[in-house]
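Student: Protein chains in written order, with this note's numbering: chain A, 37 to 259; chain B, 37 to 259; chain C, 37 to 259; chain D, 37 to 259.
Number of protein chains: 4
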Amino acid sequence: MSPSVPDRPRGPGLRRDAARNRTKILRAAGRSFGEDGLEVGVESIAHRAGVGVGTLYRRFPTKESLIEAVVHELLHDVGDAARAALTVEPAADGLAAFLRSAAALQVEHRGCLGRLWDDRAHDPIRQEIEASVRELLGRAHRGGTVRRDIAYEDVVVMLWSIRGVVESTAWVAPDAWRRHVDLLLGAVRPDAPAPGYPPMDASQLRAALDARRRPPGRGPAGA
Amino acid sequence: MSPSVPDRPRGPGLRRDAARNRTKILRAAGRSFGEDGLEVGVESIAHRAGVGVGTLYRRFPTKESLIEAVVHELLHDVGDAARAALTVEPAADGLAAFLRSAAALQVEHRGCLGRLWDDRAHDPIRQEIEASVRELLGRAHRGGTVRRDIAYEDVVVMLWSIRGVVESTAWVAPDAWRRHVDLLLGAVRPDAPAPGYPPMDASQLRAALDARRRPPGRGPAGA
Amino acid sequence: MSPSVPDRPRGPGLRRDAARNRTKILRAAGRSFGEDGLEVGVESIAHRAGVGVGTLYRRFPTKESLIEAVVHELLHDVGDAARAALTVEPAADGLAAFLRSAAALQVEHRGCLGRLWDDRAHDPIRQEIEASVRELLGRAHRGGTVRRDIAYEDVVVMLWSIRGVVESTAWVAPDAWRRHVDLLLGAVRPDAPAPGYPPMDASQLRAALDARRRPPGRGPAGA
Amino acid sequence: MSPSVPDRPRGPGLRRDAARNRTKILRAAGRSFGEDGLEVGVESIAHRAGVGVGTLYRRFPTKESLIEAVVHELLHDVGDAARAALTVEPAADGLAAFLRSAAALQVEHRGCLGRLWDDRAHDPIRQEIEASVRELLGRAHRGGTVRRDIAYEDVVVMLWSIRGVVESTAWVAPDAWRRHVDLLLGAVRPDAPAPGYPPMDASQLRAALDARRRPPGRGPAGA
DNA sequence: CATGAATGAGAATTCATTCAT
DNA sequence: TATGAATGAATTCTCATTCAT
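Dropping the structure here:
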């Protein structure tokens, strides 16, 4: 959709070239994480960005913070996609449009999806996305393209399911997710049978978004 | 479902205590990978198994081989699940049963799903699983629970999609996948709309299973 | 002769401090290998050089490469010695001078002689040394200090024989080789009896220099 | 010459099969050290001997002790060679015969020569060898094949020098030492010029035999 | 006793992060 | 300020030695 890491203003206190560096790094990191996964070394990212590691660390105090920034950018793109979907006509098809846009973004960033849909950093943009998605879902409900028992949480689960497909197929069949999305959309139509289990509740969803990986107190190494 | 690493005979050439340790290690590794991901250190696995690293390395000459062994076990469990599903009555529901069993196994091994559905080691058991799944799908076709245009490849994609859900929810809502599976099953019923895109073809599937991550010719990081 | 690891320029692409460290490491490695043998741990070398292991590995990507670099330095010193010997007067004594210089260098590096006289890395400097030594030998032939049947290969064997003496005596009698060299020089004089066996031929010499230890096709230990 | 590890009686308190095992191990170790060097793992030696490591460790409490035993055997062979040389006619040629026999033994055991000519274990057989060699040297002196200024210590140095040649050539030219020995023998003839340096003195020789490698107090690891 | 499994200290190497230039 | 060199803890793996069967 939108070219990741655009010219979104980065706060006022950043000199022009500094901001340019920040952008270069972010873009390089986005590509590196997307292609090679989060395990890529910072050195390789810095190299790709055409800067030294020192510069990278000046902008992003830890690798973690860089990851978060990349995810933040990606979330912005998702937010843009959601906003764009709100303009789709007929309105009842906005949700489908959003799912497809989001899937395309996942393909582009296939290496860091593990972090896309969790919320360690509690990014405020998620609330905006949530609001948009709820609105899209409401329109679909009202327009009769999606059953009433399909909740907001189900949409999030759909995104996760798309992630599973994308992570396994994006390298060799970058469009394989399309059929899967069609399947999902068919599954939530009013004339499809309702599942026997209820959606996740809001607190479960929050928990899932919050601290995926590692059940409360465990873990050998750092994080 | 089945307790991973059961008393599957380990070939005759292993002393009793050695076999016991092998099992302990495999079980510990299964749990560690499941909970902490493949990045856990071998030391921590050995500790969990109550053995020294040396012992671990005596049984599994590299960490990679340990991972493969764990995946192999898991595949066996999946194979068992597929075989069990072939006994389900009515036969048309066997596929659904299999998907649910496989999902439960994925929850148990949530940390190493990335390796479960690829095929670096070209384990022959996969062929057996494939045969079973094709049979299950055939029964479902004939029994009218699944549309004829749903192919074997689609079932694999479903497993990947379940993986996506499991990886995001297993920690906090270990049953969240159930609703998703219901959704998927609803989506493939004869009365549900067919997707606008065709299933993956066999060669794409093979490629996806084979060398996930990293588009054909690329070095890991350095270059 | 020359203090190993001198101010030989290390190529321009190295910052001042980096070059200094490289030198420190090389010098420390030279001493460590010389005193303790090639088995010394890299950590101990790094410590001796006053740097961290990481620094060592930044300059030399493997321990092997460090060994090669040390040997390379040593070869340079040998090359210098050969060149210096070419200026000795009378010219017929140049070969003797060279043998003595080379012996002194061997004493200094007694721990890594095993690698000095083999040629895994196919260092081009060896050709230069060979040329010089052939010239020195020719002068000795013409000057009547060495018999005509003494070939270049014999000089190499002499160096190996000196190595044997040095490795056994350097720790307690660092000058013991002098008498041995005198003996050898006496043995090759025109008035000394010719040996009953011919010198090695060139291909044997090359093989000996190339892959010492381990007769062509064998694995290290296991098989 | 003699097949290493013969049926030398091993003290009375060893049951027949135990003694047989000891011999098998010793022979395997001799071959392994000879071919692969002292770095071979004990496991590989045990395997070669057709016994378990446990058995090996029952006979030889440490790897070091095994090495010493192998060297001890080798010394016995050297002793045998010296004794045999005492029967050579004319007596003045005994020393040359001994040097050649000893060289052949070194070729056979090229992997552990580093330990052959030192005397950590203070093996009494060395004294016997020394006595024989002194006698051989005396006969050579009297017979006029060796100059009077050539001392016992010089003969030891010759053995070391042969070692240097053997270690570098044995793999590819197992007879290359012959020419070198001829050279050495020529060098010590009465009509050859005397070296400008005196032989090692007895205490230096003892020191060299005693604790080669590692000047008094140093050394990161174990020994 | 023989066996080979278990042990764990130590070795080489990597990489996120800090710091001198 | 930008650079990339330095750092060292953590990781995988080996091997001499001990111990249960």
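Using N, Cα and C, we set each Cβ at its ideal position, and we do this for glycine too.
It should be emphasised that the depicted structure is a prediction, and the values quoted were computed from it without experimental measurement.
1) When burial is assigned at 16 or more other CB atoms within 10 Å of the CB, is residue 235(A) buried or exposed?
2) Is there a Cβ from chain A that is less than 8 Å from the Cβ of residue 114(B)?
3) Can you pull the chain C neighbours of residue 229(D), defined as C-beta to C-beta under 9 Å?
4) How is the alpha helix (DSSP H) around residue 123(D) delimited, first residue to last?
5) Could you check the C-alpha separation between residue 240(B) and residue 193(B) for me, to the nearest Å?
6) To the nearest angstrom, how far is the alpha carbon of residue 81(D) from that of residue 71(D)?
7) Relative to the C-alpha of residue 217(B), which residue among 64(A), 124(A), 170(A) and 233(A) is closest?
8) Measuring CB atoms only, is the stretch 200-208 of chain A touching the stretch 157-175 of chain A, in the sense that at least three cross pairs come out at less than 8 Å?
9) So, is the C-beta of residue 127(A) closer than 8 Å to a C-beta in chain B?
10) Output the residue ranges of the alpha helix (DSSP H) runs that lie fully inside the stretch 196-251 of chain B and measure 4 residues or longer, sorted by chain position.
11) Tell me, please, whether the stretch 172-190 of chain A touches the stretch 96-104 of chain A by the rule of three or more beta-carbon pairs shorter than 8 Å.
12) Hey, residue 199(A) and residue 200(B) are a contact pair by Cβ (cut 8 Å); roughly how many whole angstroms apart?
13) Just to confirm the assignment, what range does the alpha helix (DSSP H) spanning residue 72(D) have?
14) Could one say the Cβ of residue 93(A) lies closer than 8 Å to chain B's Cβ atoms, at least one of them?
15) Under DSSP, the alpha helix (DSSP H) around residue 134(B) begins and ends at which residues?
16) Three Cβ pairs or more, each shorter than 8 Å: is that satisfied between the stretch 125-137 of chain C and the stretch 163-176 of chain C?
17) For residue 134(C), which option in 191(C), 238(C), 223(C) and 227(C) has the closest C-alpha, if you only look at C-alpha atoms?
18) Using DSSP with H/G/I as helix, E/B as strand and the rest coil, what is residue 189(C)?
19) Identify whether residue 179(A) lies in helix, strand or coil by the three-state DSSP scheme.
20) Give the secondary structure of residue 98(A) by DSSP, where H, G and I count as helix, E and B as strand, and everything else as coil.
21) Please go through the same chain and pick out, in chain order, the residues whose beta-carbon is closer than 6 Å to the beta-carbon of residue 52(B), but skip the five residues on each side of it.
22) Against chain B, with Cβ distances strictly below 8 Å, would residue 188(A) count as a contact?
23) Chain D beta carbons: is any one of them nearer than 8 Å to that of residue 193(C)?
24) Measuring straight from C-alpha to C-alpha, what distance separates residue 78(D) and residue 85(D)?
25) Under 8 Å between the Cβ atoms of residue 60(D) and residue 87(D)?
26) So which of 171(C), 67(C) and 148(C) has the shortest CA-CA distance to residue 122(C)?
27) Mind checking if residue 23(D) is an interface residue toward chain C, Cβ cutoff 8 Å exclusive?
28) Looking only at its chain, what residues have a beta carbon closer than 8 Å to the beta carbon of residue 149(C), apart from the 5 residues adjacent to it on each side?
29) Is there a Cβ of chain D sitting closer than 8 Å to that of residue 197(C), yes or no?
30) Can a CB atom of chain B be found closer than 8 Å to the CB of residue 67(A)?
31) Quick one: which chain C residues come within Cβ less than 7 Å of residue 204(D)?
32) If you draw a straight line from the alpha carbon of residue 58(D) to that of residue 168(C), how long is it in whole angstroms?
33) With DSSP run on the structure shown, which of helix, strand or coil describes residue 265(C)?
34) Going along chain C in order, which residues have a C-beta closer than 9 Å to the C-beta of residue 178(D)?
35) For residue 139(C), which residues of its own chain have a beta-carbon under 7 Å away from its beta-carbon, when the five flanking residues on both sides are left out?
Tutor: Once the coordinates are examined:
1) Against the first sequence, residue 235(A) aligns to sequence position 199. Around the C-beta of residue 235(A), 16 or more other C-beta atoms lie within 10 Å, and the residue is accordingly described as buried.
2) As a first step, residue 114(B) must be located in the second sequence, where it is residue number 78. Not one chain A Cβ lies under 8 Å of residue 114(B).
3) In the fourth sequence, the residue the question calls residue 229(D) occupies position 193. Using a Cβ-Cβ cut-off of 9 Å, residue 229(D) is close to 218, 221, 222, 225, 227 and 228 of chain C, given in chain order.
4) Position 87 of the fourth sequence, counting from 1, holds the residue named residue 123(D). Where residue 123(D) is concerned, there is no enclosing alpha helix (DSSP H), given that its DSSP letter is neither H nor E.
5) For the purposes of this step, residue 240(B) is taken as the residue at position 204 of the second sequence. For the purposes of this step, residue 193(B) is taken as the residue at position 157 of the second sequence. Between residue 240(B) and residue 193(B), the alpha-carbon positions lie close to 12 Å from each other.
6) Locating residue 81(D) in the fourth sequence gives position 45, where the first residue counts as 1. Locating residue 71(D) in the fourth sequence gives position 35, where the first residue counts as 1. Going from the Cα of residue 81(D) to the Cα of residue 71(D) covers about 11 Å.
7) Within the second sequence, the letter at position 181 stands for residue 217(B). Closest in C-alpha terms to residue 217(B), from the list 64(A), 124(A), 170(A) and 233(A), comes 233(A).
8) The stretch 200-208 of chain A vs the stretch 157-175 of chain A: no contact.
9) The sequence position of residue 127(A) within the first sequence is 91, counting from 1. Interface residue (Cβ-Cβ distance to chain B less than 8 Å): residue 127(A) is not classified as such.
10) With a minimum length of 4 residues, the continuous alpha helix (DSSP H) runs that stay inside the stretch 196-251 of chain B are 212-223 and 238-246.
11) Below 8 Å, too few C-beta pairs join the stretch 172-190 of chain A and the stretch 96-104 of chain A to call them touching: fewer than three.
12) Along the first sequence, one-based indexing puts residue 199(A) at 163. Along the second sequence, one-based indexing puts residue 200(B) at 164. Cβ atoms of residue 199(A) and residue 200(B) come within 8 Å of each other, at about 4 Å.
13) Position 36 of the fourth sequence, counted from the first residue, corresponds to residue 72(D). First-last of the alpha helix (DSSP H) with residue 72(D): 52-72.
14) Within the first sequence, residue 93(A) is the residue found at index 57, counting from 1. Judged by the 8 Å Cβ criterion, residue 93(A) is not in contact with chain B.
15) As a position in the second sequence, residue 134(B) is number 98, starting the count at 1. Run containing residue 134(B): 130-144, per the alpha helix (DSSP H) assignment.
16) Counting Cβ pairs under 8 Å, three or more are found: they touch.
17) As a position in the third sequence, residue 134(C) is number 98, starting the count at 1. Ranking the options by Cα distance to residue 134(C), first place goes to 191(C).
18) Along the third sequence, read from residue 1 onward, the residue named residue 189(C) stands at position 153. In the three-state reduction of the DSSP assignment, residue 189(C) falls in the helix class.
19) Here residue 179(A) is taken as the residue at index 143 of the first sequence, counted from 1. DSSP places residue 179(A) in helix when its eight states are reduced to three.
20) Numbered from its first residue, the first sequence carries residue 98(A) at position 62. DSSP places residue 98(A) in the coil class of the three-state scheme, outside both helix and strand.
21) The count along the second sequence starts at 1 and reaches residue 52(B) at position 16. There are no such residues.
22) Mapped onto the first sequence, residue 188(A) falls at position 152. No, residue 188(A) lies away from the interface with chain B (no Cβ there is under 8 Å from its Cβ).
23) As a working mapping, residue 193(C) is identified with position 157 in the third sequence. With 8 Å as the cut-off, residue 193(C) counts as an interface residue toward chain D.
24) Walking along the fourth sequence from the start, residue 78(D) turns up at place 42. Walking along the fourth sequence from the start, residue 85(D) turns up at place 49. If I take the Cα positions, the gap works out to 10 Å.
25) Taking the first residue of the fourth sequence as position 1, residue 60(D) is located at position 24. Taking the first residue of the fourth sequence as position 1, residue 87(D) is located at position 51. The beta carbons of residue 60(D) and residue 87(D) sit closer together than 8 Å.
26) Locating residue 122(C) in the third sequence gives position 86, counting from the first residue. Out of 171(C), 67(C) and 148(C), 171(C) has the C-alpha closest to the C-alpha of residue 122(C).
27) An answer regarding residue 23(D) cannot be provided, because it is not within the stretch 37 to 259 covered by chain D.
28) Along the third sequence, read from residue 1 onward, the residue named residue 149(C) stands at position 113. Cβ within range, chain order: 142, 199, 202 and 203.
29) Taking the third sequence and counting its residues from 1, one reaches residue 197(C) at position 161. Residue 197(C) counts as touching chain D.
30) In the first sequence, counting from the first residue as 1, residue 67(A) sits at position 31. Answer no: the Cβ-Cβ gap between residue 67(A) and chain B never drops below 8 Å.
31) Residue numbering aside, residue 204(D) sits at position 168 when the fourth sequence is read from its first letter. Residues of chain C passing the Cβ test: 153, 196, 244 and 248.
32) In the fourth sequence, residue 58(D) corresponds to position 22, counting from 1. In the third sequence, residue 168(C) corresponds to position 132, counting from 1. Distance between the alpha carbons of residue 58(D) and residue 168(C): 52 Å.
33) Lying outside 37 to 259, the shown extent of chain C, residue 265(C) is not represented and no answer is given.
34) Position 142 of the fourth sequence, counting from 1, holds the residue named residue 178(D). Per Cβ cutoff of 9 Å: no residues; residue 178(D) is ~20 Å from chain C at best.
35) Reading the third sequence from its first residue, position 103 is the one you call residue 139(C). Excluding its 5 nearest sequence neighbours in each direction, residue 139(C) has C-beta neighbours in its own chain below 7 Å: 198, 202, 213 and 217, listed in chain order.
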